[in-house]
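If you count by the working numbering, then the sequence shown holds residues 1 to 158, one letter each, in order.
To start, the structure under review is shown below, and the notes come after it.
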Amino acid sequence: MEQFKAIYSEYKHRVYFFVKKYVQRDEDVEDIVQDIFVHIWKYAEKNNSKVPLEAIIFKTCKQEVANFYRKNKMIMVSSDNIVNVDEDETIDEIFTEEQISQIEALLDKLPQQTKKLFIQNKIENLSYSQLAKENNISKTAIGKQINKAISFLKVNLQ
Numbered sequence: 001m002e003q004f005k006a007i008y009s010e011y012k013h014r015v016y017f018f019v020k021k022y023v024q025r026d027e028d029v030e031d032i033v034q035d036i037f038v039h040i041w042k043y044a045e046k047n048n049s050k051v052p053l054e055a056i057i058f059k060t061c062k063q064e065v066a067n068f069y070r071k072n073k074m075i076m077v078s079s080d081n082i083v084n085v086d087e088d089e090t091i092d093e094i095f096t097e098e099q100i101s102q103i104e105a106l107l108d109k110l111p112q113q114t115k116k117l118f119i120q121n122k123i124e125n126l127s128y129s130q131l132a133k134e135n136n137i138s139k140t141a142i143g144k145q146i147n148k149a150i151s152f153l154k155v156n157l158q
C-alpha cells in the first residue's frame, strides 16, 4: 500500500496533464486517470520485471485514452477536433464524397510502399508488428512510413 501511495503522489499530476492533452472534459480526464491508477495498483503487486515504472505508467495512459475513445465511439481527427460517431452513423457518412476523393488522390501521390503500409495499418487494422513481419522491415520503419503519410495528409487536406 505504501508503495502505491508513493507512486500516486509522484505521478498524479504528470498523468493528469498527459491525459488532459488528449481529452477535453475534466470529468473524463479524472475517470481515465482513476482507471490508470487502478491498473497500476493491480500491476504493482505483480511487478517483478525490469521495465521502468514510468514506462509502464505512460503506456497505460496511452492505452486508457485509446480505450476512452473506443468506448465512446469517437475518432480523433486532429489534436483539436473530435468527431462523435453515433451507433447508426458510419465513418463514410462523416466524410463527404469530396473529402474521400481528395484523400484518395493524396494517397495516390505517396510512394507506393508508404501508401500500402498506411492503408494496411489504418484501413485494414494491421499492427506495426504484423506489417513488419510481412514486409521484412522494422516496426520503427513502419511507424516512420505511417507518420510520413499522416503528415502528408494533414498538410495537404483543406
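Idealized CB from N, CA, C, for every residue including glycine.
Between F58 and F18, is the Cβ-Cβ spacing less than 8 Å?
Here residue 58 corresponds to residue number 58 of the sequence shown, with the count starting at 1. Here residue 18 corresponds to residue number 18 of the sequence shown, with the count starting at 1. Taking 8 Å as the Cβ cut-off, F58 and F18 qualify as a contacting pair.
Which one of D31, S9, E54 has the shortest CA to CA distance from V65?
Indexing the sequence shown from 1 puts residue 65 at position 65. Among D31, S9, E54, the Cα nearest to that of V65 is on D31.
Just checking my contact of I142 with A132 at CB under 8 Å: how many whole Å lie between their CB atoms?
Mapped onto the sequence shown, residue 142 falls at position 142. Mapped onto the sequence shown, residue 132 falls at position 132. The beta carbons of I142 and A132 sit about 5 Å from each other, so the pair counts as a contact at 8 Å.
Would you call the CB atoms of Y16 and V29 closer than 8 Å?
Position 16 of the sequence shown holds residue 16. Position 29 of the sequence shown holds residue 29. For Y16 and V29, yes; Cβs fall inside 8 Å.
Spatially closest choice to V155 from N72, I103, H13, by CA coordinates
Counting from 1 along the sequence shown, the entry for residue 155 is found at position 155. Minimum Cα-Cα distance from V155 among the listed residues N72, I103, H13 corresponds to I103.
Chain-order list of residues whose beta-carbon lies under 6 Å from that of Y22 (same chain, five-residue window excluded)
Locating residue 22 in the sequence shown gives position 22, where the first residue counts as 1. Short of 6 Å from the beta carbon of Y22, and not among the five residues preceding or following it, lie these beta carbons of its own chain, in chain order: V65.
Rounded to whole angstroms, what is the Cα-Cα separation between Y69 and Q3?
Position 69 of the sequence shown, counting from 1, holds the residue named residue 69. Position 3 of the sequence shown, counting from 1, holds the residue named residue 3. Between the alpha carbons of Y69 and Q3 lies a gap of roughly 30 Å.
Starting from Y8, trace the alpha helix (DSSP H) both ways and give me its first and last residue.
Residue mapping note: residue 8 aligns to position 8 of the sequence shown, counting from 1. Where Y8 is concerned, the enclosing alpha helix (DSSP H) stretches over 2-20.
Using only the heavy atoms of the ligand SAM, determine whether one of them is closer than 7 Å to the beta carbon of T60.
As far as ligands go, the structure on display features none, and thus does not contain the ligand SAM.
Can you tell me which of the three DSSP states V77 falls into?
For the purposes of this step, residue 77 is taken as the residue at position 77 of the sequence shown. Low per-residue confidence applies at V77: pLDDT is 46, beneath 50, and the placement is therefore not dependable, though the value from the model is reported in the following sentence. Here V77 carries a coil assignment [DSSP, helix/strand/coil].
Could you tell me if N121 is buried or exposed, where buried requires 16 or more neighbouring beta carbons within 10 angstroms of its beta carbon?
Position 121 of the sequence shown, counted from the start, is the residue given in the question as residue 121. Counting Cβ neighbours within 10 Å, N121 comes out buried, since at least 16 surround it.
Reduced DSSP secondary structure (H/G/I, E/B, other) of I146:
The residue given as residue 146 occupies position 146 in the sequence shown. Here I146 carries a helix assignment [DSSP, helix/strand/coil].
Please report how far the alpha carbon of E124 lies from the alpha carbon of A6, in whole angstroms.
Taking the sequence shown and counting its residues from 1, one reaches residue 124 at position 124. Taking the sequence shown and counting its residues from 1, one reaches residue 6 at position 6. Approximately 42 Å between the Cα atoms of the pair.
State yes or no: is the beta carbon of Q130 nearer than 8 Å to at least one beta carbon in chain C?
Absent here is chain C; the protein component of the structure consists of one chain.
With 16 as the cutoff for other CB atoms within 10 Å, does V33 come out buried or exposed?
Here residue 33 is taken as the residue at index 33 of the sequence shown, counted from 1. Buried, since its Cβ has 16 or more Cβ neighbours within 10 Å.
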